[in-house]
Each structure stands twice: as C-alpha cells, then as structure tokens.
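Engineer: Submitted below is the structure of interest, expressed as structure tokens.
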Amino acid sequence: MKPYPPSLRERRRYIQFEAYGAAGEGEVSQAIRHSVMSLFGEDGYARSNFSIIRYGKGRGICRCTHSWLDNCLVALALVREAGGRPIRIKAAAVSGTIKGLARKNQGLAPKSF
Amino acid sequence: MYAFRPAEGFSSCKPARCAEGGTEEANRKAVRSRVPVLLDPLNGGKMAIDTATLQVAKDNDVTIGITFRQFLAAGRSKRIRLLVAYRKLVQLCLKKGNRILLSSGARDEMGLRTPQQLVAFGVFLGLSRQQAKWAISKVPEYLEGRK
C-alpha cells in the first residue's frame, strides 16, 4: 500500500510515563485508557489517536497526536486509582520519536519543557 | 484563613497565606481582606465569583489560585461542572488582568504532579502555554517576595 504523503501524515508525540503505586500492569493501562475516555469521550479518544505502546515495571510509553498532547497530559494527571488502589502517573518526558525518548533517558538530550 | 501545609519532607517551606473560597460570600470576604491568595474560588462547581469581585481582587492585589486537587477529587459529573466554571473564570481573569496561580494543592505524595502536567492543565483551562508557565513559576516567586 502506498504510504501517506508527509503533509498528510499525523505528527505524533510519545509520552514516557512512570506509575507510582501498588497496582498491576493491566490495571494501570486500563485506568489510563479509562481516564482518557472519561475526559474526552469516544470522539476525543479517536481524534487524539491515543494508545499505550508499552508498559511494564512501572514505566511506559503512550502515543497521541501532537495537537492533543496537553489534553493527554491532563488525562494522565487525572488518573488517581487503578484496581481500587491509589496510583499517581508522572509524565517523565515527551518526544516526537521513541528513539528520542531513549536518548533523553540516557541523558544525551535535554528533557523537554 | 487557611495556610498551605507543606508536604512531608518539605517542612522547611514557609506556608503561604491563603483564603479558601467556594461560595460567593467566602470569595467576597477573602478578596476584601486583602489575603495574598484566594484559593479555589469555584470549589462548589458554581460560578461563585463575578467581575466586580475580580475587580476588587485586582485592586487589592489578590491572586486567584487554582489547584489541581479539586479536579482530582471530583467525580465525573462534578469535574464537568468544575471545568465549565474554571474555564469561564480563566477567561474573566485574562480579561480583567487578574493574576492566576496554578498549583497541585497536594496534601500527600499521591497528589503531586509535574510542572509539565500543571502547564498542560493550565492550557486545558484556557491559558496560553506562556501564561501557564508564568502561573506556576513567576507568580509563586512574586508571592514569596510579597510575604
């Protein structure tokens, strides 16, 4: 299939987050998705193109379109419990590529903001 | 009168003097008493502050404080009302030129949020990115100098 031209491709932002609390991996992912859905509804969820790329051992990466970055950060901040246990999500870094996040982890690039 | 309790491990911080709003009466009283910060003026989810009160707040150098805590604690229906009310308040404050303070208002470790998340929260409420950054950095500096 022919790929989209660059002008029509969406600009993505990858958010690296850390979860603090005693909730399981599946519960944290579900709580984040529920928070986005609760705050923006199905339409907003679709427009933001939000998805959790990976999550494990209290750290994860999620993705959204660049115009919805602030909204998704608020949705992450509004997560307060998962599986009935209190948790806190900290947005650690934001980048346009997963490779960029890895570079920020290694301290090779200044963290955003 | 209300004072921010510093979180555990931050006991050396001086508490800032704040008045907690929520009702029209409480907001008006706080603004007239020239307290440095009027915190959460719309905690009930109703538009309990009007342009006249905001004008007095500006004249008396009272900062309008918005905490993330109330949004975190609110259920879904109350959060919707809070969002509507606070977006309107932010519009009014920008029009009138009132100073806005953004804070997590955390009472414990679980309530803490990163500056980036607070800036995003400010943008979500209708501030520009620059104004939101100002509200979490320069405004507290100003209040610290005012004490």
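Here the protein sequences come in this chain order: E and P.
Note that the numbering used here has the first sequence beginning at 8, numbered continuously upward.
Note that the numbering used here has the second sequence beginning at 371, numbered continuously upward.
Where a beta carbon is used, it is the ideal one built from N, C-alpha and C, also for glycine.
#1: With 16 as the cutoff for other CB atoms within 10 Å, does threonine 484 of chain P come out buried or exposed?
#2: Check this for me: beta carbons of phenylalanine 47 of chain E and leucine 83 of chain E, under 8 Å apart or not?
#3: Are the C-beta atoms of proline 93 of chain E and some chain P residue less than 8 Å apart?
#4: Please classify methionine 371 of chain P as buried or exposed, where buried requires at least 16 neighbouring CB atoms within 10 angstroms.
#5: Listing by chain order, which chain P residues have their CB less than 7 Å from the CB of arginine 87 of chain E?
#6: In the DSSP output, which residue or residues are listed as bridge partners for serine 473 of chain P?
#7: Between tyrosine 21 of chain E and isoleucine 96 of chain E, is the Cβ-Cβ spacing less than 8 Å?
#8: Quick one: residues in its chain with C-beta nearer than 7 Å to the C-beta of glycine 90 of chain E, no 5 flanking neighbours on either side, listed in chain order?
#9: Kindly indicate which three-state DSSP category threonine 423 of chain P falls into: helix, strand or coil?
#10: According to DSSP, is glycine 63 of chain E part of a helix, a strand, or is it coil?
#11: Residues of chain P with a CB under 7 Å from the CB of aspartate 77 of chain E: which are they?
#12: Would you call the stretch 429-437 of chain P in contact with the stretch 461-478 of chain P, where contact means no fewer than 3 C-beta pairs closer than 8 Å?
#13: In chain B, which residues lie less than 7 Å from alanine 98 of chain E when you measure between Cβ atoms?
#14: Name the chain P residues whose beta carbon is nearer than 8 Å to that of valine 45 of chain E?
#15: Between alanine 502 of chain P and alanine 98 of chain E, what straight-line distance do the alpha-carbon atoms span, to the nearest angstrom?
#16: Among the residues of its own chain, which have a CB less than 8 Å from the CB of phenylalanine 120 of chain E, if the five just before and after it don't count?
#17: With leucine 464 of chain P as the anchor, note down where its alpha helix (DSSP H) starts and where it stops.
#18: Once the 5 residues before and after arginine 92 of chain E are set aside, which same chain residues still bring their CB inside 7 Å of it?
#19: Report yes if the CB atom of glycine 445 of chain P is closer than 8 Å to the CB atom of alanine 418 of chain P, and no otherwise.
#20: Distance check for methionine 8 of chain E and valine 489 of chain P, CA to CA, integer angstroms please.
#21: How would you list, in chain order, the residues of chain P whose beta-carbon sits under 7 Å from the beta-carbon of leucine 80 of chain E?
#22: Can you tell which of E/His73, E/Gly114 and E/Asp77 has the C-alpha that lies nearest to the C-alpha of glycine 492 of chain P?
#23: Please give the ranges of any alpha helix (DSSP H) in the stretch 23-72 of chain E, keeping only runs that are unbroken, at least 4 residues long and fully inside the region.
#24: Any beta-carbon of chain P closer than 8 Å to the one on alanine 84 of chain E?
Structural biologist: Concretely, from the data shown:
#1: Within 10 angstroms of the beta-carbon of threonine 484 of chain P lie 16 or more other beta-carbons, which makes it buried.
#2: Their beta carbons are not under 8 Å apart, which means phenylalanine 47 of chain E does not touch leucine 83 of chain E by this criterion.
#3: At least one C-beta of chain P is nearer than 8 Å to the C-beta of proline 93 of chain E.
#4: Annotation note: pLDDT 49 at methionine 371 of chain P (below 50); position unreliable, coordinate value reported separately. Classification of methionine 371 of chain P: exposed, given that the 10 Å Cβ count is below 16.
#5: Chain order gives the chain P residues near arginine 87 of chain E as Leu442, where near means a beta carbon separation below 7 Å.
#6: The partner list for serine 473 of chain P (beta bridge, DSSP) reads P/Thr437.
#7: Using a Cβ distance threshold of 8 Å, tyrosine 21 of chain E and isoleucine 96 of chain E do not count as a contacting pair.
#8: Counting only Cβ-Cβ distances below 7 Å, and skipping sequence neighbours, we find Ala30, Gly31 and Glu34.
#9: Look at threonine 423 of chain P here: in three-state DSSP terms it is helix.
#10: Reduced to three states, the DSSP call for glycine 63 of chain E is strand.
#11: Ordered by position in chain P, the residues that pass the 7 Å Cβ test against aspartate 77 of chain E are Ala490, Val493 and Phe494.
#12: Short answer: they touch.
#13: Given the protein chain composition of this structure (E and P), no chain B is represented.
#14: Here residue 45 of chain E turns out to be serine, not valine, going by the sequence shown. Going along chain P in sequence order, the residues near serine 45 of chain E (Cβ under 8 Å) are Arg446.
#15: C-alpha separation (whole angstroms): 17 Å.
#16: Note that phenylalanine 120 of chain E scores a pLDDT of 48, beneath 50, so its modelled location is shaky; the value from the coordinates is reported in the next line. So the list reads Val101, once near-sequence residues are dropped.
#17: Here the alpha helix (DSSP H) through leucine 464 of chain P covers 446-466.
#18: Excluding its 5 nearest sequence neighbours in each direction, arginine 92 of chain E has C-beta neighbours in its own chain below 7 Å: Gly28, Ala29 and Ala30, listed in chain order.
#19: No, the pair does not count as a contact, with Cβ atoms beyond the cut-off.
#20: Cα to Cα, valine 489 of chain P sits roughly 40 Å from methionine 8 of chain E.
#21: The answer, in chain order, is Gln486, Gln487 and Ala490.
#22: Comparing Cα positions, the closest option is E/Asp77.
#23: Within the stretch 23-72 of chain E, the runs of alpha helix (DSSP H) that reach at least 4 residues and sit entirely inside it are, in chain order, 32-55.
#24: Judged by the 8 Å Cβ criterion, alanine 84 of chain E is in contact with chain P.
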